[in-house]
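Scroll down for the structure; my scribbles are underneath it.
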Amino acid sequence: MLAVLTLAGCSSGNDATVYGGSFTFTSPGGKTEFTYAAADRKEIGALSGSDLTGRRTVDVASYKGKVVVLNFWGSWCAPCRDEAPGLQASSVRYQAGGVQFVGVDVKDTMSGALGFTAGKQITYPSIFDPGMRTMLSVRGLPTGSLPVTLVLDRQGRVAQIWLREITQGDLNLVLPALVAEKGAQ
76 MLAVLTLAGC SSGNDATVYG GSFTFTSPGG KTEFTYAAAD RKEIGALSGS DLTGRRTVDV
136 ASYKGKVVVL NFWGSWCAPC RDEAPGLQAS SVRYQAGGVQ FVGVDVKDTM SGALGFTAGK
196 QITYPSIFDP GMRTMLSVRG LPTGSLPVTL VLDRQGRVAQ IWLREITQGD LNLVLPALVA
256 EKGAQ
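So, in structure tokens, the structure goes:
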């Protein structure tokens, strides 16, 4: 609770600033979609945690060289439930092109998370983050509503952010260009 209050205290007016690694994110006036040109991209820093079974660690840095779609979700979140089939379909569609999807399940129970991924037939890994520590490691990332989706380029830099439910169409507009970019491979 203190972390949420601290984050709320870091914003002024309609702006919110997010710090993580060398990445700085500013959300002016309720905007929910952000695209960063290659020259303006910054790394988000380390993101890792236990998977939904607690048996292995999912480390986003291990996917450097791939485009990473990082989706923050909760089984209790209606928009998260709505977007999940499209995320799964896109993960299959873009896998051969060097795109890795990673979920981060926040404010949830392990049984809720496992039921969600089984019911939605999600096959990509998710970090189990009931205390939001992984989400908060992207310091200041708005945590008041889900879903939140970040797309990292092959160098692990933030290229796109959505602070809303996304569709396959949204991903189809962003992923082909990022896959085509030259970078760490």
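So that you can map any letter, position 116 of the sequence shown is 191 in the working numbering, and since no number is skipped, the others follow by simple counting.
Think of the CB as a built atom: it goes at the ideal place given N, C-alpha and C, for glycine as much as any other residue.
Helix, strand or coil for Glu158, going by three-state DSSP, please let me know. Counting from one through the sequence shown, the residue named residue 158 turns up at place 83. Glu158 falls in the helix class under three-state DSSP.
Given that a residue counts as buried once 16 or more other Cβ atoms are within 10 Å of its Cβ, and exposed if not, what is Ala234? Mapped onto the sequence shown, residue 234 falls at position 159. Buried, since its Cβ has 16 or more Cβ neighbours within 10 Å.
Are the beta-carbon atoms belonging to Leu145 and Val177 less than 7 Å from one another? Mapped onto the sequence shown, residue 145 falls at position 70. Mapped onto the sequence shown, residue 177 falls at position 102. It is a contact, given that the beta carbons lie within the stated cut-off.
Using the Cβ count rule (16 or more neighbours within 10 Å means buried), how would you classify Ser201? For the purposes of this step, residue 201 is identified with residue 126 of the sequence shown, where counting begins at 1. So Ser201 counts as buried.
What is the rounded straight-line gap between the Cα of Gly105 and the Cα of Ala255? As a position in the sequence shown, residue 105 is number 30, starting the count at 1. As a position in the sequence shown, residue 255 is number 180, starting the count at 1. Gly105 and Ala255 have their C-alpha atoms spaced approximately 31 Å apart.
Who are the Cβ neighbours of Thr198 in its own chain at under 6 Å, not counting the five residues just before and after it? Taking the first residue of the sequence shown as 1, we reach residue 198 at position 123. If we look at Thr198 and ignore the five residues flanking it on each side, it has no Cβ neighbours.
Which of the three DSSP states is assigned to Thr132 in this structure? Against the sequence shown, residue 132 aligns to sequence position 57. The answer is strand: DSSP assigns Thr132 an E or B state.
Looking at Gln163 and Val143, is the spacing between their C-beta atoms short of 7 Å? Residue mapping note: residue 143 aligns to position 68 of the sequence shown, counting from 1. Residue mapping note: residue 163 aligns to position 88 of the sequence shown, counting from 1. Cβ atoms of Val143 and Gln163: not closer than 7 Å.
Where does Ser186 fall in DSSP's three states? Residue numbering aside, residue 186 sits at position 111 when the sequence shown is read from its first letter. Ser186: helix per DSSP, three-state reduction.
Terminal residues of the continuous alpha helix (DSSP H) containing Gly244? What you label residue 244 is simply residue 169 of the sequence shown in a count that begins at 1. Unbroken alpha helix (DSSP H) run through Gly244: Gln243 to Ala255.
I'd like the list of long-range same chain contacts for Leu248, defined as Cβ closer than 8 Å, with 5 residues on each side in sequence excluded. Mapped onto the sequence shown, residue 248 falls at position 173. If we look at Leu248 and ignore the five residues flanking it on each side, it has no Cβ neighbours.
Any idea what DSSP makes of Ser201, helix, strand or coil? Residue numbering aside, residue 201 sits at position 126 when the sequence shown is read from its first letter. Strand, per DSSP.
Just list the residues that DSSP pairs Trp237 with in beta bridges. In the sequence shown, the residue the question calls residue 237 occupies position 162. Trp237 is bridged by DSSP to Glu108 and Thr224.
Take Lys257 and list the residues in its own chain whose beta-carbon comes closer than 7 Å to its own, dropping the five residues that flank it on each side. Sequence index remark: in the sequence shown, residue 257 carries index 182 (1-based). Excluding residues within five positions, none has a Cβ falling inside 7 Å.
Around the C-beta of Asp115, are 16 or more other C-beta atoms found within 10 angstroms, so that it is buried, or is it exposed? Locating residue 115 in the sequence shown gives position 40, where the first residue counts as 1. Burial state of Asp115 is exposed, judged by a 10 Å Cβ sphere holding fewer than 16 other Cβ atoms.
Bounding residues of the alpha helix (DSSP H) (the contiguous stretch that carries Leu211): Looking up residue 211 in the sequence shown gives position 136. Note, Leu211: alpha helix (DSSP H), Arg208 to Ser212.
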